[in-house]
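In our numbering, the protein residues as written are 1 to 262. I have placed the structure first, in the form of structure tokens, so that the comments after it can refer back to it.
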Amino acid sequence: MDGVIDLKLWQMVSAYIFVVILLFIVKARGISREKEILISSIRMTIQLILTGYILIYLFNNSNPLYTIIVIAIMEIFAIYNIFKRSKTKLSKSLKRIIAISMIFGTLSSLIYFLLVVVNISPWYDPRYFIPIAGMLIGNSMTGISLGVTRLVDGMTSQRYLVESALMLGASPKIAVKEIVDNAFDSAILPTINSMVGMGIVFLPGMMTGQILSGTSPVTAIEYQITIMLGILGSVALTVILFVQLGYKTFFNDESQLIISDR
Numbered sequence: 001m002d003g004v005i006d007l008k009l010w011q012m013v014s015a016y017i018f019v020v021i022l023l024f025i026v027k028a029r030g031i032s033r034e035k036e037i038l039i040s041s042i043r044m045t046i047q048l049i050l051t052g053y054i055l056i057y058l059f060n061n062s063n064p065l066y067t068i069i070v071i072a073i074m075e076i077f078a079i080y081n082i083f084k085r086s087k088t089k090l091s092k093s094l095k096r097i098i099a100i101s102m103i104f105g106t107l108s109s110l111i112y113f114l115l116v117v118v119n120i121s122p123w124y125d126p127r128y129f130i131p132i133a134g135m136l137i138g139n140s141m142t143g144i145s146l147g148v149t150r151l152v153d154g155m156t157s158q159r160y161l162v163e164s165a166l167m168l169g170a171s172p173k174i175a176v177k178e179i180v181d182n183a184f185d186s187a188i189l190p191t192i193n194s195m196v197g198m199g200i201v202f203l204p205g206m207m208t209g210q211i212l213s214g215t216s217p218v219t220a221i222e223y224q225i226t227i228m229l230g231i232l233g234s235v236a237l238t239v240i241l242f243v244q245l246g247y248k249t250f251f252n253d254e255s256q257l258i259i260s261d262r
């Protein structure tokens, strides 16, 4: 490969024709999404441009403090998004469990991945740390968001089944086992499905980016495999922590269901 094709400004602008096409479709169909489409397109553009300049600075001024600050911002924003995505009001205790699960699950997976699997040096190298952290945190955020929805919906819709099991002598853990398992299954299913179609149905963004930048397809594949396994582990760990700790917030100290008090 001779080199990377450097996109000119007019080429980037020409890609916005796809936004115009979408606006035309929703307008013609009477779907009130024009404002959201425009805002999301503008936000995406501004955020990515700012991110590009910030990354250039971080890459040229490698510092552990900068890396830690960026990761902290990512975690805070991801946790906030989980709260915002929830269609039901979350209790303070459940929010605390979400935060703990996200921070512990993603950071432990990230540290293991970078220090053991990739073995970067120094450990805070932003060129590896930040992009990989973004992928792990982003996918874990989606996983927990799905887990929250299924857990809350399950505890609400199957409340009487849980109460019946409790009256028959079952512990809270046994009474909600099916709900917890369903929440975990729903949360990890998108990651599993993406792995099934990867390489045949579609080429993932990271791999495509590496190939376009001139990296050998074999090297790109090696990185993509390890990244996907890292994502799988991070999602699984964060979600299992959440569902195993989260269901307890629906019970009081006497193992009584307290959904009505939420």
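Cβ coordinates follow ideal geometry from the N, Cα and C atoms, glycine included.
When rounded, the separation of the alpha-carbon atoms in L58 and T67 is 8 Å. Looking only at I227, M228, N81, G30, the smallest Cα-Cα distance to A99 is reached by N81. For A133 and A187, the gap between their C-alpha atoms comes out near 19 Å. Taking the Cα positions, I17 is about 28 Å away from I54.
Counting other Cβ atoms within 10 Å of its Cβ, I258 stays below 16 and is therefore classed as exposed. Setting aside the 5 residues that flank it on each side, W123 is surrounded in the same chain by L114, L115, each with a C-beta closer than 7 Å to its C-beta; the list follows chain order.
DSSP places L168 outside both helix and strand once states are collapsed to three, so it counts as coil.
Under the criterion of beta carbons closer than 8 Å, M155 and F242 do not qualify as touching, at roughly 13 Å.
Just so you know, the alpha carbons of I46 and P190 end up roughly 28 Å apart. At a cut-off of 4 residues, the continuous stretches assigned as alpha helix (DSSP H) that sit fully inside the region 205-252 are 205-212, 217-246. In the DSSP assignment, E34 falls within the unbroken alpha helix (DSSP H) covering 34-60.
The DSSP-derived three-state label of L189 is helix.
Around S101, the same chain offers T238, L241, F242 as residues with beta carbons nearer than 6 Å, after the five sequence neighbours per side are excluded. When secondary structure is reduced to three states using DSSP, L257 falls in the strand class. Distances from the alpha-carbon of K248 to those of V19, R96, L9 put R96 closest. Contact check for I130 and V70: beta-carbon distance about 6 Å, within the 8 Å limit, so the pair qualifies. In terms of CA proximity to M12, S41 leads the group N182, S41, I25, E222.
Only residues of its own chain outside the window of five on either side were considered, and among them A175 have a CB closer than 6 Å to the CB of L166, listed in chain order. The beta carbons of L23 and E34 sit closer together than 7 Å. Contact between M135 and I231 holds: CB atoms are separated by about 6 Å, below the 8 Å threshold. If the five residues before and after K87 are omitted, its C-beta is found closer than 8 Å to the C-beta atoms of T149, all from its own chain and listed in chain order.
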